[in-house]
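Going by full-length UniProt numbering, the first residue of the sequence shown is number 1, and it counts up by one from there.
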Amino acid sequence: MVQLTVVGSLNYDLVSYTDRIPAGGETYAGQSFETHTGGKGLNQTISLAKLSPHVSDSNLKVRIIGKVGQDAFGKELIEELTKEGVDVSNVEAIEGERSGVAVIIVEKNSGENRILITAGANGKAHYSNDELVQLFPKDFGKEVVVFQNEIPGTLDTIKWLKENRPQAEVVYNPSPYNSQSSEIIDKVDILVVNEGEALDIAKDILPIDEFKNFEQEIESNEINGFLKLATQLKTKIDQSNSNVVVITLGSKGSIFTSPRKTDDSTSKFVESVKVSNVVDTTAAGDTFLGGLVTQVSLGQSIENAVKFATKASSLTIQHNGASETIPTFEKVIESFK
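Structure below.
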């Protein structure tokens with residue numbers, strides 16, 4: 001069995017739609033209101049669960065490590081995960097804390113949104129050595145651990161895993177990016193970033209002249225520039241010749257590097273699946289990550305995993321919403337036929 005673990009945030013989204021944003025001090029009637037479960041940690045966990053084969057011998061088990069408040073929002077977040085078959089035994093409901101929330105105002109005409117996040121219990125997601133020993137037993141078999149940057153303890157937990165559980169495979173999506181992320185990327189097995197995050201990392205770890213050269217190449221030819229940047233990032237962070245760098249390029253596609261020394265050392269580009277009716281791209285990134293991780297964990301090559309993840313994302317963006325739009329493994333397989 002392969003255990004897929006997400007260490008990350010759980011938020012409750014409160015979304016108001018309006019034809020314009022009210023001015024300071026103004027009360028204005030919105031058009032509609034929705035609530036959704038969210039947070040990158042929760043969304044990626046649901047993506048892993050839905051994109052795992054739903055058969056008894058699939059050999060993948062999904063769990064999340066995180067914190068919620070002892071409130072109605074926290075209860076609903078846990079219920080949503082449980083419904084998808086996720087192990088929530090390591091989601092702690094903290095007494096006296098509120099669950100994390102995102103208050104979102106969407107201007108319907110332009111699609112522009114304004115998001116105010118209150119961390120709540122997510123702000124307490126920093127784990128001691130004793131807690132990590134309990135959360136990651138030494139005698140456990142193969143485990144893939146997924147991280148983002150929406151909780152405070154991410155970098156310390158990655159360092160602890162590589163020092164104490166070196167057999168664990170670490171997948172890191174440094175979003176939202178902060179400069180400290182560049183300090184631990186050499187401890188990451190699979191680094192998944194978008195264009196902006198790739199450039200942020202490059203700016204932090206490359207000499208300024210080299211970084212500016214990449215900026216110019218990307219401006220001249222975006223795909224070729226990012227192909228070269230992905231290869232250079234792998235060279236800079238790769239300590240074992242097994243690391244993988246994946247750069248997503250939105251509607252254009254994605255770029256990946258080979259994990260093995262014997263393979264072609266250059267990066268490769270996978271074109272996106274063209275979709276005529278793009279409705280909502282909110283969950284595209286989290287869907288891609290879930291597809292990538294589940295396929296790699298099932299033994300697929302990185303190239304096949306990227307192609308599967310690309311197809312899964314193309315199905316997601318044809319529907320409105322977040323985690324509820326993520327397709328199942330079976331639907332993705334059917335779409336290839």
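A virtual CB, placed ideally from N, CA and C, is assigned to each residue, including glycine. Model, not experiment: these values are computed from the prediction.
If you follow the alpha helix (DSSP H) that Gln232 is part of, which residue opens it and which one closes it? The sequence position of residue 232 within the sequence shown is 232, counting from 1. Counting along the chain, Gln232 sits inside the alpha helix (DSSP H) bounded by residues Glu222 to Ile237.
Quick one: residues in its chain with C-beta nearer than 6 Å to the C-beta of Phe136, no 5 flanking neighbours on either side, listed in chain order? In the sequence shown, residue 136 corresponds to position 136, counting from 1. If we look at Phe136 and ignore the five residues flanking it on each side, its Cβ neighbours are Arg165.
Could you tell me if Val2 is buried or exposed, where buried requires 16 or more neighbouring beta carbons within 10 angstroms of its beta carbon? Against the sequence shown, residue 2 aligns to sequence position 2. Burial call: buried.
What residues in its chain sit with their C-beta under 8 Å from that of Lys252, if we drop five residues either side in the sequence? In the sequence shown, counting from the first residue as 1, residue 252 sits at position 252. For Lys252, the CB contacts under 8 Å within the same chain, skipping 5 residues up- and downstream, are Glu222, Ile223, Glu271 and Ser272 in chain order.
So, helix, strand or coil for Asn194, using DSSP? The residue given as residue 194 occupies position 194 in the sequence shown. Strand, per DSSP.
Residues in its own chain within less than 7 Å of Ser335 by CB, not counting five upstream and five downstream? Residue numbering aside, residue 335 sits at position 335 when the sequence shown is read from its first letter. Lys311 and Leu315, listed in sequence order.
Under three-state DSSP, which class holds Leu14? Taking the first residue of the sequence shown as position 1, residue 14 is located at position 14. Strand, per DSSP.
The segment 71 to 91 touching the segment 142 to 154, judged by at least three CB pairs closer than 8 Å: Contact between the segment 71 to 91 and the segment 142 to 154 is absent, because fewer than three Cβ pairs lie under 8 Å.
State the Cα-Cα distance for the pair Phe140 and Leu289, rounded to the nearest angstrom. Taking the first residue of the sequence shown as 1, we reach residue 140 at position 140. Taking the first residue of the sequence shown as 1, we reach residue 289 at position 289. Looking at the backbone, the Cα of Phe140 and that of Leu289 are separated by about 24 Å.
Rounded separation between Thr5 and Ile247 - CA only: Start at 1 with the first residue of the sequence shown, and residue 5 comes out as number 5. Start at 1 with the first residue of the sequence shown, and residue 247 comes out as number 247. Thr5 and Ile247: Cα-Cα distance of roughly 22 Å.
Would Tyr12 be called buried (16 or more neighbouring beta carbons within 10 Å of its own) or exposed? Mapped onto the sequence shown, residue 12 falls at position 12. Taking all protein chains shown into account, Tyr12 has 16 or more neighbouring C-beta atoms within 10 Å of its C-beta and is therefore buried.
Pairwise C-alpha distance: Ser52 and Ile185: As a working mapping, residue 185 is identified with position 185 in the sequence shown. As a working mapping, residue 52 is identified with position 52 in the sequence shown. Approximately 27 Å between the Cα atoms of the pair.
Exposed or buried, what is Gly25 when buried is set at 16 or more other beta-carbons lying within 10 Å of its beta-carbon? Mapped onto the sequence shown, residue 25 falls at position 25. Exposed, by the Cβ-count rule.
Residue nearest to Gly225 in terms of C-alpha spacing, selected from Glu84, Thr266 and Lys187: As a first step, residue 225 is located in the sequence shown; it is residue number 225 there, counting from the start. For Gly225, the closest of Glu84, Thr266 and Lys187 by C-alpha to C-alpha distance is Thr266.
Let me know if Glu183 comes out buried or exposed under the rule of 16 or more other beta-carbons within 10 Å of its beta-carbon. Numbered from 1 along the sequence shown, position 183 holds the residue referred to as residue 183. Exposed: under 16 other Cβ atoms inside 10 Å.
So is Arg20 buried or exposed if we call it buried at 16+ other beta carbons inside 10 Å? Mapped onto the sequence shown, residue 20 falls at position 20. Exposed is the call here.
Specify whether the segment 285 to 300 and the segment 30 to 49 touch according to this definition: at least 3 beta carbon pairs, one from each stretch, less than 8 Å apart. Between the segment 285 to 300 and the segment 30 to 49 there are three or more inter-stretch CB-CB distances shorter than 8 Å, so the stretches are counted as touching.
Return helix, strand or coil for Leu298, following the three-state DSSP convention. If you number the sequence shown from 1, residue 298 lands on position 298. Three-state DSSP puts Leu298 in coil, outside helix and strand.
Leaving aside the five residues before and after Lys124 along the sequence, list all residues of the same chain whose C-beta is less than 7 Å from its C-beta, in chain order. Counting from 1 along the sequence shown, the entry for residue 124 is found at position 124. Hits under 7 Å: Lys67, Ile94 and Glu97.
Is the distance from the Cβ of Asn122 to the Cβ of Gly39 below 9 Å? Taking the sequence shown and counting its residues from 1, the one referred to as residue 122 is at position 122. Taking the sequence shown and counting its residues from 1, the one referred to as residue 39 is at position 39. Yes, Cβ-Cβ distance for Asn122 and Gly39 is below 9 Å.
With distances taken from CA atoms, which of Leu298, Gly299 and Thr294 is nearest Ala309? Here the question's residue 309 lines up with position 309 in the sequence shown. In this structure, Thr294 is the residue among Leu298, Gly299 and Thr294 with its C-alpha nearest to the C-alpha of Ala309.
By a C-beta neighbour count over all protein chains shown, 10 Å radius and 16 as the cutoff for buried, is Tyr28 buried or exposed? Walking along the sequence shown from the start, residue 28 turns up at place 28. Tyr28 comes out exposed.
Which of the three DSSP states is assigned to Thr262 in this structure? Counting from one through the sequence shown, the residue named residue 262 turns up at place 262. Annotation note: pLDDT 46 at Thr262 (below 50); position unreliable, coordinate value reported separately. Of the three classes helix, strand and coil, the one that applies to Thr262 here is coil, per DSSP.
Going by C-alpha to C-alpha distance, which of Asp204, Glu163, Ile237 and Leu249 sits closest to Val193? Indexing the sequence shown from 1 puts residue 193 at position 193. For the residues Asp204, Glu163, Ile237 and Leu249, the minimum Cα distance to Val193 belongs to Leu249.
Determine contact between the segment 207 to 215 and the segment 154 to 168, defined as no fewer than three beta-carbon pairs at a distance below 8 Å. No contact exists between the segment 207 to 215 and the segment 154 to 168.
Identify the residues that DSSP records as bridge partners of Gln134: which are they? Position 134 of the sequence shown, counted from the start, is the residue given in the question as residue 134. DSSP, once it has assigned bridges, lists no residue as partnering Gln134.
Could you spell out where the alpha helix (DSSP H) holding Ser335 opens and where it closes? Counting from 1 along the sequence shown, the entry for residue 335 is found at position 335. In the DSSP assignment, Ser335 falls within the unbroken alpha helix (DSSP H) covering Phe329 to Ser335.
Anticipated Cβ contact below 8 Å, Thr154 with Leu132, distance rounded: Position 154 of the sequence shown, counted from the first residue, corresponds to residue 154. Position 132 of the sequence shown, counted from the first residue, corresponds to residue 132. About 13 Å separates the two Cβ atoms, so there is no contact after all.
When DSSP builds the beta bridges, which residues end up paired with Lys67? Taking the sequence shown and counting its residues from 1, the one referred to as residue 67 is at position 67. Beta bridge pairing from DSSP links Lys67 with Glu92.
Measure the C-alpha to C-alpha separation of Thr262 and Asn304 and round it to an integer number of angstroms. In the sequence shown, residue 262 corresponds to position 262, counting from 1. In the sequence shown, residue 304 corresponds to position 304, counting from 1. Model confidence at Thr262 stands at a pLDDT of 46, short of 50, so the residue's coordinates are unreliable and nothing is read from them.
I need the straight-line Cα distance from Lys61 to Ile117, nearest angstrom please. As a first step, residue 61 must be located in the sequence shown, where it is residue number 61. As a first step, residue 117 must be located in the sequence shown, where it is residue number 117. CA-to-CA, the gap between Lys61 and Ile117 works out to about 30 Å.
Counting C-beta neighbours from all protein chains within 10 Å, is the total for His126 16 or more, i.e. buried, or is it exposed? As a working note, residue 126 is residue 126 in the sequence shown. With a 10 Å radius around the Cβ and a threshold of 16 neighbouring Cβ atoms, His126 comes out exposed.
Quick one: what's Leu116 bridged to in DSSP? Along the sequence shown, one-based indexing puts residue 116 at 116. Looking at the DSSP assignment, Leu116 forms a beta bridge with Val103.
Nearest CA to the CA of Ala168: which residue from Ser297, Glu112, Phe269 and Ser9? Mapped onto the sequence shown, residue 168 falls at position 168. Ranked by Cα distance from Ala168, the first of Ser297, Glu112, Phe269 and Ser9 is Ser297.
Alpha carbons only, please: which of Phe33, Arg63, Asn59 and Glu92 is nearest the one belonging to Lys75? Sequence index remark: in the sequence shown, residue 75 carries index 75 (1-based). That would be Glu92, whose Cα lies nearest to the Cα of Lys75.
Out of Val170, Pro152 and Ser110, point me to the one whose CA is closest to Ser128's CA. As a working note, residue 128 is residue 128 in the sequence shown. Among Val170, Pro152 and Ser110, the Cα nearest to that of Ser128 belongs to Pro152.
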